[in-house]
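There are 2 protein chains.
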Amino acid sequence: MKDHPKTMNGAESVVRSLHEAGVDVCFGNPGTSEMQFVDALDRTKLMRCVLGLFEGVVTGAADGYARMAGKPAVTLLHLAPGFANAAANLHNARKARVPMVNLVGDHALRHQQYDAPLSADVEGACAPFSDWVRSGRHAGSFANDAMEALRVATGKPGRIATLIAPADIGWDDGGVMADALPPNGPVAFDPDALHGAVAALEHGARTVMIVGNGVLEDVGALALLQGIADRTGAKILAPTSNRRMERGQGRFPVAKIPYPINDAIARLAGFDHAILIEAMPPVAFFAYPGKPSLLLPETCETVTLAGLDGNGPEAIAALADRMGAQAAKAPAMIQPTPPAAGAITMDNIAAALANSLPEDAIVVDEGVSWGGALYAAGNAARPNSWLSLTGGSIGIGIPLSAGAAIARPDRPVITLQADGSAMYTIQGLWTQAREGSNVTTIILANRAYQILKGELHNVGAQPGEDALSMLNLDRPTLDFVALAKGMGVPGRRVEDVRDLMQAIEDAATEPGPFLIEALL
Amino acid sequence: MKDHPKTMNGAESVVRSLHEAGVDVCFGNPGTSEMQFVDALDRTKLMRCVLGLFEGVVTGAADGYARMAGKPAVTLLHLAPGFANAAANLHNARKARVPMVNLVGDHALRHQQYDAPLSADVEGACAPFSDWVRSGRHAGSFANDAMEALRVATGKPGRIATLIAPADIGWDDGGVMADALPPNGPVAFDPDALHGAVAALEHGARTVMIVGNGVLEDVGALALLQGIADRTGAKILAPTSNRRMERGQGRFPVAKIPYPINDAIARLAGFDHAILIEAMPPVAFFAYPGKPSLLLPETCETVTLAGLDGNGPEAIAALADRMGAQAAKAPAMIQPTPPAAGAITMDNIAAALANSLPEDAIVVDEGVSWGGALYAAGNAARPNSWLSLTGGSIGIGIPLSAGAAIARPDRPVITLQADGSAMYTIQGLWTQAREGSNVTTIILANRAYQILKGELHNVGAQPGEDALSMLNLDRPTLDFVALAKGMGVPGRRVEDVRDLMQAIEDAATEPGPFLIEALL
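From first to last, the protein sequence lines are chains A and B.
FYI, the working numbering numbers position 336 of the first sequence as 319, with every residue one higher than the one before it.
FYI, the working numbering numbers position 251 of the second sequence as 234, with every residue one higher than the one before it.
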């Protein structure tokens, strides 16, 4: 153990112990009840401190950081309302099985009995958006609490661990350093499941392998999976939304289960066997009148080779071994011809992006109603990491990009951002500017909650004037170039697909963030 | 009962029943699980539908509406993450004892068993920020649930009632209209408490009457209170943060308990008797090392003449009757001399505002570190309604103004808005533009979380570089005029106090919203 001060307060013991266990970035939006952490971070200078102007930026950034760094950041949040502001992107991070440790300040223990203005049920607020919640009780055990939070967060799969920090135990002397605790490793796969998977593969093209999380991040596992598919005729699909997919030229392309309910059902209709590898049985985003909730056919037999707590690449290696399959070479992806000049449409945007996404880009996809059209770009482009909205709670793109850029300052980040969704956490542009992050935000401006118009149709309704007033964003139109300027991010508006491609290339060559408002 | 369709679905029965009970404004940020309400609102055309681009705008606006309309609006929110985004301003509304009914969409009942992307514990998420939560179970009883929510919300004091709406019971036919239920009236005051208050008033200037909520909204009650004070020598104070205060020339000025802990303790130090009227014993915003949580001296004897559930004006009338006191005339407030040209400072801003606030303004005060300096303006200005941040969760000002303007389109709204706080719910400017609201937002741009620097000092720390990186907003500076332009709101930047006054006057004469960025 390194040299640490003989005496320290509770907050300092937490900061120092987390750092010694490998946590070195803190995303924060602190308030009065977190001042002892601000002070401890300031005095120790052990962590990079990144400020968000809104808590949803903080947790979205911590999610993006974890997806690209493969380890958790710590967040600093302010009591129940601050946690609530953070919760939507915690929900997304939780569904992504991302590791994260939240420090949520609370009133001093003696103050909690009173109805002070900011008093609320902090534990109750944290519980629905955390996998683990604990409230610190003493300065001396506070670092231990933090190590337990880190242990939970970094197990397999990743979890959201929230440690509530009453202000006084942060101030109090008597902080004691604590050692890192070993996280839960992945659950070993079940030999019976392997047997079941082998049997399922006998059905060839009537079998689907649904692979998620760690598999999609592992280029080698995907190549082996392709080898199994080549040998057996089985199909491969990924869930609709994924934490991170390693994609692009030279990598094995994986199709996703479509978002629209009818497309999803049609896509899965032909399968009578399914093998799940770090994936769960696919479920519809929403229930619709007369449609099933579970997307696989009722008659489909499903075997879980590796659960979310398993090791998908290891399971795939064992399966390949049993099938005598070798790693396959990804098919040469033919980059589509760049589109001719003209309006930006669902038909030309994938070709435009496939030709203009920079090498090694981190692509953040919050395209929402344009998501299906955008997805193809990731296969044909140069190698890239593709990050999606995982929990359905819009407003993740700009923060996720900010955090990914902190984790990987050596790589360009491209955000494919629907306009309506952008407005939930638009403040994240300021953090990108402050940190000088190499992020290019492409606003896909259709000036509506376009996807909801489809959803209204799905429940059998035709929108009239009042409905459209809740779904259209055109009165007034949002000027994203002005919004970006307001937060120190330069920008440009484009309406032509060739101008879009040029703007992406220009933005990649300049340091710091840039915003492109693409009128659709 | 009016004519209603013979058959309707659950959502329509809720919309129609709420409307018949007097609810005619819906603030919403709906998603897929609320499409049946969007459809019902569209077909019935009974409510004014106001869209927010972020849920914190929706609830902040519903709060501002309720404060000025004296009745609740209904909100439309999307599952657990949407509710969470709404929660910080619900927290503020709850502390203001404002009536509000939330409709929170949830997955269809049959879909709730699955781990769909947006699945979460909706009831658990709602509970910490609501006074009442229920989940609808059948189309036929859904309107009854809504009427129970409305009953709870509109009792004394106002409450936050949250009705969770599974999507299918909104679609299902069999909706049945329900009648309004009588809310809880105010609790009658206790004769013993009246006796105690009379006895306390014998101590003259050593007695403080702390008056909140309904008292501060009632010019007549304040005049009677002044009469009691004139007769007995007792002092009058309001809580630090208040829902609505009727202020300005010709009205009785009420001082507030200061926010800074030392000032608050000093202000209350001389009292040995306290009479609470629609107020609770004052509590420090935060606990500080070596400072008490309760602000009245330990030896102070406290009598609650009317609790938050009581009728303060009625209690004051009874007390005045016992003391033989008459309504007093408010002292003539001398409008301060307008400041000379020069920088905008804490010393000249009150005089500037007192001279430039328009007649009958609704003033929304989220000045935070400038709050103390701003407050004096409200007494010397023309008559105004003064609305404050009640729950300490910053990001209320812009939404509160948007809602107040919907309730009272005949009155100008002036928002005194700290810059750091503005960024939590900046999206509310768009709603102001969309609704053509007569709101002038004055951004008080000190380019820091200034109040936190004081709080860091209060816990005994000196900020170094890393601490300042979490507290300063100057890298890059925010350009609020550009941000406003991005959302369709014209703006102007001022640095001189005379220019500020001129800008306020100019803004008041033009229709629609305006933003003034005041560099401090």
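Using N, Cα and C, we set each Cβ at its ideal position, and we do this for glycine too.
Since the structure is predicted, the reported quantities are computational estimates derived from the model, not experimental observations.
* Can you name, in chain order, every residue of its own chain whose Cβ lies under 6 Å from the Cβ of A/A310, other than the five neighbours on each side? -> A206, L207 and G210
* Between A/G350 and A/L427, which are expected to be in contact by the criterion C-beta below 8 Å, what is the C-beta distance as a whole number of angstroms? -> 6 Å
* To do: At 4 residues or longer, and completely inside the stretch 115 to 182 of chain A: list those alpha helix (DSSP H) runs for me, N to C.
  => 122 to 136 and 150 to 154
* So, using beta-carbon positions, are B/Q232 and B/P366 closer together than 8 Å? -> yes
* Asked: Going by alpha carbons, who is nearest to A/P265 out of A/T15, A/A212, A/S16 and A/K239?
  -> A/K239
* Asked: CB-CB under 7 Å to B/E38, same chain, minus the five flanking residues each way: which ones, in chain order?
  -> N12, L60, G65, N68 and A69
* What distance in whole Å lies between the Cβ atoms of A/L1 and A/A42, which are believed to be in contact at a cut-off of 8 Å? -> The amino acid at residue 42 of chain A is misidentified as Ala; the sequence shows Thr. Actually they do not touch by this definition, with Cβ atoms about 17 Å apart.
* Asked: Using 8 Å as the threshold, is the stretch 148 to 159 of chain B in touch with the stretch 179 to 195 of chain B, meaning 3 or more CB pairs across them?
  -> no
* **Run of the beta strand (DSSP E) containing A/I258, from where it starts to where it stops** => H256 to I260
* Asked: In chain order, what residues of the stretch 395 to 420 of chain A put their CB closer than 9 Å to some CB of chain B?
  -> G403, M406, Y407, T408, I409, Q410, W413, A416 and R417
* Return helix, strand or coil for B/S368, following the three-state DSSP convention. => Strand at B/S368.
* Asked: What residues from chain A crowd round B/F268, counting only those whose CB sits closer than 9 Å?
  -> T15, A99, P100 and L101
* Residues near A/D98 in its chain [Cβ-Cβ closer than 8 Å; skip 5 each side] -> Cβ-Cβ distances below 8 Å link A/D98 to nothing in the same chain once the five nearest sequence neighbours on each side are left out.
* Nearest to A/A188 (by Cα), restricted to the options A/S16, A/E493, A/R250 and A/W353 -> A/R250
* Out of A/V135, A/K78, A/G14 and A/L24, point me to the one whose CA is closest to A/L372's CA. => A/K78
* **Residue range of the unbroken beta strand (DSSP E) whose run includes A/Q400** => V396 to A401
* Asked: Going along the chain, which residues of its own chain have a beta-carbon closer than 8 Å to the beta-carbon of A/A416, five neighbours each way excluded?
  -> M470, G471, V472, G495 and P496
* Asked: With 16 as the cutoff for other CB atoms within 10 Å, does A/D246 come out buried or exposed?
  -> With fewer than 16 other CB atoms across the displayed protein chains lying within 10 angstroms of its CB, A/D246 is exposed.
* To do: Take A/K436 and list the residues in its own chain whose beta-carbon comes closer than 7 Å to its own, dropping the five residues that flank it on each side.
  => P446 and L454
* When you compare only the Cα positions, how much space is there between A/D173 and A/I258? -> When rounded, the distance between both Cα atoms is 13 Å.
* The beta strand (DSSP E) enclosing B/C32, as first and last residue numbers -> R31 to L34
* Look at the Cβ atom of B/V191, then the Cβ atom of B/S(-4), and state whether they are nearer than 8 Å. => Not a contact, by the Cβ cut-off of 8 Å.
* Taking all protein chains shown into account, decide if B/T328 is buried (16 or more other Cβ within 10 angstroms of its Cβ) or exposed. => exposed
* Span of the alpha helix (DSSP H) around B/C109 -> V105 to C109
* **Neighbourhood of B/P166 by C-beta, 7 Å cutoff - its chain only, sequence neighbours within 5 removed** => R134, T137 and G138
* **Cβ-based burial, B/R(-1) [other Cβ within 10 Å; buried from 16]** => So B/R(-1) ends up on the buried side.
* **Extent of the continuous beta strand (DSSP E) run through A/A311** => No beta strand (DSSP E) holds A/A311; DSSP gives it neither H nor E.
* **Exposed unless 16 or more other CB atoms sit within 10 angstroms - verdict on B/D348** => buried
* Asked: Helix or strand or just coil, what does DSSP make of B/K28?
  -> coil
* Asked: Which residues in the same chain as A/R80 place their Cβ atom closer than 8 Å to its Cβ, once the five residues preceding and following it in sequence are excluded?
  -> P140, G141, R142, N196, R226 and L291
* To do: Look up B/G471 in the DSSP assignment and say whether it is helix, strand or coil.
  => Reduced to three states, the DSSP call for B/G471 is coil.
* Answer with yes or no whether the minimum CB distance from B/M470 to chain A is below 8 Å. => yes
* For A/L461, go through chain B and note every residue whose CB falls closer than 9 Å to its CB, in chain order. => L36, W413, G469, M470 and G471
* Beta bridge counterpart(s) of A/T424 as assigned by DSSP -> A/T398 and A/L498
* Within 10 angstroms of the Cβ of B/K468, are there 16 or more other Cβ atoms? Answer buried if so, exposed if not. => By the neighbour-count criterion, in which 16 or more other beta carbons inside 10 Å mark a residue as buried, B/K468 falls on the buried side.
* Sheet register partners of A/A93 (DSSP bridge) -> Just to set this straight, residue 93 of chain A is Arg in the shown sequence, not Ala. Per DSSP, none; premise fails for A/R93.
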